[in-house]
Amino acid sequence: MAKSDGGFNLFDAEERVLAEANALRESLAESAPDIRNGVESLTESYRRSVREQRRLVKVSDRLQNQLASVNQELARRKAEAEEALARLREAQETLVQAEKLASLGALVGGVAHEINTPVGIALSCASHLADSTAQMRALFEADDIGVEDFERYMETASDTSQLILANCERAAALIRSFKQVAVDRTSSERRRFDLAAYIGETLASLSPRVRQAGHKVTITCPPGLEVDGYPGALSQVLTNFVMNTIVHGYDPGQSGTLSITVDEPVAGQIRLVYADDGCGIADAHKNRIFDPFFTTRRGAGGTGLGLHIVYNLATGPLEGSLAVDSATGHGTRFTLTFPRQASGGTPPEI
Ligand SMILES: Nc1ncnc2c1ncn2[C@@H]1O[C@H](COP(=O)(O)OP(=O)(O)OP(=O)(O)O)[C@@H](O)[C@H]1O
Ligand SMILES: [Mg+2]
Numbered sequence: 013m014a015k016s017d018g019g020f021n022l023f024d025a026e027e028r029v030l031a032e033a034n035a036l037r038e039s040l041a042e043s044a045p046d047i048r049n050g051v052e053s054l055t056e057s058y059r060r061s062v063r064e065q066r067r068l069v070k071v072s073d074r075l076q077n078q079l080a081s082v083n084q085e086l087a088r089r090k091a092e093a094e095e096a097l098a099r100l101r102e103a104q105e106t107l108v109q110a111e112k113l114a115s116l117g118a119l120v121g122g123v124a125h126e127i128n129t130p131v132g133i134a135l136s137c138a139s140h141l142a143d144s145t146a147q148m149r150a151l152f153e154a155d156d157i158g159v160e161d162f163e164r165y166m167e168t169a170s171d172t173s174q175l176i177l178a179n180c181e182r183a184a185a186l187i188r189s190f191k192q193v194a195v196d197r198t199s200s201e202r203r204r205f206d207l208a209a210y211i212g213e214t215l216a217s218l219s220p221r222v223r224q225a226g227h228k229v230t231i232t233c234p235p236g237l238e239v240d241g242y243p244g245a246l247s248q249v250l251t252n253f254v255m256n257t258i259v260h261g262y263d264p265g266q267s268g269t270l271s272i273t274v275d276e277p278v279a280g281q282i283r284l285v286y287a288d289d290g291c292g293i294a295d296a297h298k299n300r301i302f303d304p305f306f307t308t309r310r311g312a313g314g315t316g317l318g319l320h321i322v323y324n325l326a327t328g329p330l331e332g333s334l335a336v337d338s339a340t341g342h343g344t345r346f347t348l349t350f351p352r353q354a355s356g357g358t359p360p361e362i
């Protein structure tokens, strides 16, 4: 509005100039026809120029109006896009929660399924033992126990109690591993530690098992590399890798080389590569090994929770990522990447 006011003021002034030019032309009427004609043609050009200016001002006004409405439209679309993004984020959050719940559901289902077998066996053994004991008591009260009855009872008692014990132990071991699935920051202590020294200590604690199986271990880690994070989580990860190599990597009697290589490809990012040169993991299994309860040794002591726990540790307390690279007959390689400094408060000095 202010602009077009300015325009009219401008044109008022021009109108005045035109009026003055007309007056001048009139006053020059007869006396100087040449000058009069000159003034007239100048006035005419000026008038044309004023017309042209007016037209340009109108065009500019129109363009400005159009620009304003385009801007309005843009602002509206931006608001719409922002709202859509917010809705998308909400939906994503809901999906993540749903996914977590679904995997929790699967885990709970798996726990129930896994624990059902040992608890079921222990239960039926206990009830068998209770029946036999009741029979013995009846015989005892009737003062009618023969040596054979007693021997049979002793055998039953010893067999069933052994089975009860073994199955309760299995159930307890399962419960211990289930508890580890729910790894979180608070479950392990954060501190600064020397990575090479810590890997050395962890492997030393595993060396009786490694040596027994006849494997060789090589560790390559820059000396003095200090990490601020969760050493407990790291040692659990390494222990699972090594135990898996021992249990799954080689045929009985066969041995190989386990290697741990650490570097810092990008400042602040640690890359730990654990590899063995064993039988490798079949393609069909590779994308299931991190699932809870996936094991190729079901019934032979495998629960299938080891790598699931490792994955949770890698992406949870260690704030990193984990990838597997393996092929049948070509060994197994896990690459764990994690920040040298965990986020959050600064831990105490070592
Ligand atoms: N180094 C390896 N070489 C060959 N196969 C492996 C190796 N590591 C893991 N696997 C395969 O991945 C599967 C899943 O491993 P994971 O540690 O989760 O379970 P598990 O060792 O079978 O049981 P758990 O660790 O609970 O006792 C194993 O059953 C095995 O088939
Ligand atoms: Mg395992």
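Here the sequence shown is numbered in the numbering used here, starting from 13 and rising by one per residue. Positions of the beta carbon are idealized from the N, C-alpha and C atoms, including for glycine.
Anyone know if the C-beta pair for I231 and I272 falls short of 8 Å? Walking along the sequence shown from the start, residue 231 turns up at place 219. Walking along the sequence shown from the start, residue 272 turns up at place 260. Yes. Within cutoff.
Do you know how far the Cα of K228 is from the Cα of F350? The sequence position of residue 350 within the sequence shown is 338, counting from 1. The sequence position of residue 228 within the sequence shown is 216, counting from 1. Going by the C-alpha atoms only, they are around 26 Å apart.
On the DSSP bridge assignment, give the partners of L334 in chain order. Working through the sequence shown from its first residue, we reach residue 334 at position 322. The secondary-structure analysis by DSSP pairs L334 across a beta bridge with L348.
By the DSSP assignment, the alpha helix (DSSP H) with D295 in it spans what residues? Sequence index remark: in the sequence shown, residue 295 carries index 283 (1-based). Judged by DSSP secondary structure, D295 falls within the alpha helix (DSSP H) whose first and last residues are 295-298.
Residue span of the beta strand (DSSP E) that contains D43, given as start and end: Your numbering for residue 43 matches position 31 in the sequence shown. First, the residue type needs correcting, since residue 43 is Ser and not Asp in the sequence shown. Secondary structure note for S43: it is in no beta strand (DSSP E), with a DSSP letter that is neither H nor E.
Cβ pair count under 8 Å reaching 3, the segment 336-356 against the segment 147-165: Output reads no: the segment 147-165 does not touch the segment 336-356.
Taking the alpha helix (DSSP H) that V259 belongs to, which residues open and close that run? The count along the sequence shown starts at 1 and reaches residue 259 at position 247. First-last for V259: undefined, no H or E at that position.
What are the complete beta strand (DSSP E) segments, minimum 3 residues, inside the segment 61-86? Counting only runs of 3 or more, we get nothing.
Can you tell me whether S189 sits near ligand 1, meaning its C-beta is under 7 Å from at least one heavy atom of the ligand? For the purposes of this step, residue 189 is taken as residue 177 along the sequence shown, with counting starting at 1. With a cut-off of 7 Å, the C-beta of S189 is classified as near ligand 1, since at least one heavy atom of the ligand falls inside that distance.
Run the proximity test for M255: is its beta-carbon closer than 7 Å to any non-hydrogen atom belonging to ligand 2? Along the sequence shown, read from residue 1 onward, the residue named residue 255 stands at position 243. Flag set: Cβ of M255 near ligand 2.
Can you give the Cα-Cα distance for E201 and A245, rounded to whole angstroms? Residue mapping note: residue 201 aligns to position 189 of the sequence shown, counting from 1. Residue mapping note: residue 245 aligns to position 233 of the sequence shown, counting from 1. Cα to Cα, the separation comes out at about 9 Å.
Provide the residue span of the alpha helix (DSSP H) that contains R204, from first to last. Sequence index remark: in the sequence shown, residue 204 carries index 192 (1-based). Where R204 is concerned, there is no enclosing alpha helix (DSSP H), although the beta strand (DSSP E) it sits in stretches over 203-206.
What three-state label does DSSP hand D171 in the structure shown? One-based indexing of the sequence shown puts residue 171 at position 159. Looking at D171 - three-state DSSP - the assignment turns out to be helix.
For a test of your reading of the model: does the CB of D288 fall under 7 Å from any non-hydrogen atom of ligand 1? Yes or no. Locating residue 288 in the sequence shown gives position 276, counting from the first residue. Yes, the Cβ of D288 comes within 7 Å of a heavy atom of ligand 1.
Same chain only: Cβ atoms within 8 Å of A25, ignoring 5 sequence neighbours per side: Looking up residue 25 in the sequence shown gives position 13. Nothing meets the Cβ criterion.
At a cut of 8 Å, does the segment 131-143 reach the segment 168-179 through at least three beta carbon pairs? Result yes; three or more Cβ-Cβ pairs closer than 8 Å.
Just to confirm my understanding: we take A294, look at its own chain, exclude 5 residues before and 5 after, and list those with CB closer than 6 Å. What are they? As a working mapping, residue 294 is identified with position 282 in the sequence shown. For A294, the CB contacts under 6 Å within the same chain, skipping 5 residues up- and downstream, are T340 in chain order.
Considering only DSSP beta bridges, list what D372 is partnered with. The question about residue 372 has no answer, for the chain in this structure spans 13 to 362.
I157 (DSSP reduced to helix, strand or coil): Here residue 157 refers to the residue found at position 145 of the sequence shown. I157: coil per DSSP, three-state reduction.
Which residues does DSSP list as the beta-bridge partners of Y286? Counted from its first residue, the sequence shown places residue 286 at position 274. Paired residues: I272, F346.
Sheet register partners of V278 (DSSP bridge): As a working note, residue 278 is residue 266 in the sequence shown. For V278, the beta-bridge partners assigned by DSSP are Q281.
Identify whether T307 lies in helix, strand or coil by the three-state DSSP scheme. Indexing the sequence shown from 1 puts residue 307 at position 295. Coil.
According to DSSP, which residues form a beta bridge with I211? In the sequence shown, counting from the first residue as 1, residue 211 sits at position 199. None; I211 has no bridge partner.
For I187, does the count of other Cβ atoms within 10 angstroms reach 16, so buried, or fall short, so exposed? For the purposes of this step, residue 187 is taken as residue 175 along the sequence shown, with counting starting at 1. Of the residues assessed, I187 falls on the exposed side of the cut-off, its CB having fewer than 16 other CB atoms within 10 angstroms.
Taking 7 Å as the cut-off, does the CB of L5 come closer than this to any heavy atom belonging to ligand 2? With the chain covering 13 to 362 only, the question about residue 5 has no answer from this structure.
Among residues of its own chain, excluding the 5 on either side of R352, which ones have a beta-carbon nearer than 6 Å to its beta-carbon? Translated into the one-based positions of the sequence shown, residue 352 becomes position 340. Taken in chain order, the residues that qualify are V239, G280, I282.
Find the nearest neighbour of E331 within the set L348, T344, E213, judged by alpha-carbon distance. Here residue 331 refers to the residue found at position 319 of the sequence shown. In this structure, L348 is the residue among L348, T344, E213 with its C-alpha nearest to the C-alpha of E331.
Could you tell me the boundaries of the alpha helix (DSSP H) in which I321 lies? Position 309 of the sequence shown, counting from 1, holds the residue named residue 321. That run of the alpha helix (DSSP H) goes 318-327.
In terms of residues, what are the limits of the beta strand (DSSP E) holding T232? Working through the sequence shown from its first residue, we reach residue 232 at position 220. Judged by DSSP secondary structure, T232 falls within the beta strand (DSSP E) whose first and last residues are 228-232.
Could you give the C-beta distance for A354 and G241, rounded to a whole number, given that I count them as a contact under 8 Å? Translated into the one-based positions of the sequence shown, residue 354 becomes position 342. Translated into the one-based positions of the sequence shown, residue 241 becomes position 229. Contact holds; Cβ gap of about 4 Å.
For T214, count neighbouring C-beta atoms within 10 Å of its own C-beta (all shown protein chains included) and say buried if the count is 16 or more, exposed if not. Here the question's residue 214 lines up with position 202 in the sequence shown. Per the 10 Å Cβ criterion, buried.
Could you round the C-beta distance between V274 and C233 to whole angstroms and report it? I think they count as a contact, below 8 Å. As a first step, residue 274 must be located in the sequence shown, where it is residue number 262. As a first step, residue 233 must be located in the sequence shown, where it is residue number 221. Indeed, because the Cβ distance is near 4 Å, the residues count as touching under 8 Å.
To which residues of the same chain is E361 closer than 7 Å at the C-beta, ignoring the five residues directly before and after it? Mapped onto the sequence shown, residue 361 falls at position 349. Confidence at E361 is low in this model, with a pLDDT of 45, below 50, so the placement of that residue is unreliable and no value is reported for it.
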